[in-house]
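J.: In terms of this note's numbering, the sequence shown has 258 at position 235, counting the first letter as 1, and numbering is strictly consecutive.
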Amino acid sequence: MTKTKAPAAPRLITPRRIALATVAGISVTHSYGVQDMFVGKAYAETASKAEAGEGGEAGEAGVVLSEGPAGFLTKLGYFEGTYRIAASLYLSGARDGAKAHLEESHHAFYEDIEDSLAEYKAIGFAREAEVFLAAVNEDKGNVAVTEAYDALMTAIDGNIISASPSGYDRLMSVHELIKLAAAEYEGGVTEGAVDIVIEYRDSWGFYETARARAERLARGTDVSLAKAGADVLAQLEGVEALYPSLTSDTAAVDASQLSVAAGWAEIIALRLK
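Dropping the structure here:
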């Protein structure tokens, strides 16, 4: 599938771009395995270069990931966001859209996070990802996709715990995810028109991952973290209106609330340092 992209902006500043995508055509002809992830990586990287040029994607420009546990949590967020998008599309009836997003995305190549997983002695989530990808790409139905998605989200949460992140680390990662959401929105939406669908969807994936993580903190038993999570949620209130649906051709003209929320999330994180 070819797409027309806007002029490229500087690529995200990170040791390696994090991603895990699939080739939908492969999965419908045989059982999907980890080896196919690497075929998907080659496909997506080739497509990405053809569409965006060596300068990279229009969104994400200038977003720098933290070092240490905070950065690791953000890298996991790339995967979580991608899976959230695919699951949401599939379960809302846009099954072809879910497959296409996995095929085109370059935000979730498992091999790119293996070193970080090893550094934190994390268990990984390759098997759970494989089951989820197969459920979507082989069109196994809503029940199978939901079950695989829930298991995958649980597995990713387990890897977060492996890094023993501090409250500051958790909130800094939320800040980075919201900042990425703002950058992707800017890259994908022009004057209220969704010009680059994948970037608009990536923006939602980053936002929804940040929101879900803040919500979990707000529900926790640690008083300071619960307050921090609630404070971030207050800043995100109303942001969902920026995303009418993942298949919408139109969006908001003014998405500045994302940048404002990212700034406040950083301030909230610094209070915990």
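Even glycine gets a Cβ: it sits at the ideal position worked out from N, Cα and C.
For a test of the three-state rule: what should DSSP assign to Ala216, helix, strand or coil?
T.: strand
J.: Once DSSP output is grouped into helix, strand and coil, what is the label at Thr270?
T.: coil
J.: Look at Leu96 and Asp225 and say whether their C-beta atoms are less than 8 Å apart.
T.: no
J.: Reducing DSSP to helix, strand and coil, say where Val87 ends up.
T.: strand
J.: Pick from Leu112, Asp135, Ile136, Glu134: whose alpha carbon is nearest that of Leu125?
T.: Leu112
J.: Leaving out the 5 sequence neighbours to the left and right, which residues in its chain are closer than 7 Å to Ser271 when beta-carbon positions are compared?
T.: Val217
J.: Taking all protein chains shown into account, decide if Lys202 is buried (16 or more other Cβ within 10 angstroms of its Cβ) or exposed.
T.: Taking all protein chains in view, the Cβ of Lys202 is crowded by 16 or more other Cβ atoms within 10 Å, so the residue is classified as buried.
J.: Terminal residues of the continuous alpha helix (DSSP H) containing Ala155?
T.: For clarity, residue 155 is Phe in the given sequence; the question names Ala instead. Unbroken alpha helix (DSSP H) run through Phe155: 149-160.
J.: Are there 16 or more other CB atoms within 10 angstroms of the CB of Leu293, so buried, or fewer, so exposed?
T.: exposed
J.: Tell me whether Val86 is buried or exposed, calling it buried when 16 or more other Cβ atoms sit within 10 Å of its Cβ.
T.: buried
J.: Give the secondary structure of Tyr208 by DSSP, where H, G and I count as helix, E and B as strand, and everything else as coil.
T.: Three-state DSSP puts Tyr208 in a helix.
J.: Could you check if Gly210 is buried or exposed, using at least 16 other CB atoms within 10 Å of its CB as the buried criterion?
T.: buried
J.: Could you give the first and the last residue of the continuous alpha helix (DSSP H) run that contains Glu260?
T.: From DSSP, Glu260 is part of no alpha helix (DSSP H); its letter is neither H nor E.
J.: Closest by CA to Phe148, which one among Arg239, Ile219, Thr177, Glu238?
T.: Thr177
J.: Rounding to the nearest angstrom, what Cα-Cα distance links Val197 and Gly164 in this structure?
T.: 32 Å
J.: If you reduce the DSSP assignment to three classes, tell me which class Asp277 lands in.
T.: coil
J.: Closest to Ala131 by C-alpha separation, out of Glu231, Ser115, Ala109, Glu142, would be which residue?
T.: Ala109
J.: Just verifying my parser: in three-state terms, what is the DSSP assignment at Lys296?
T.: coil
J.: Taking 8 Å as the threshold (C-beta atoms), are Ala145 and Asn182 in contact?
T.: Against a cut-off of 8 Å, the Cβ pair of Ala145 and Asn182 comes out as a contact.
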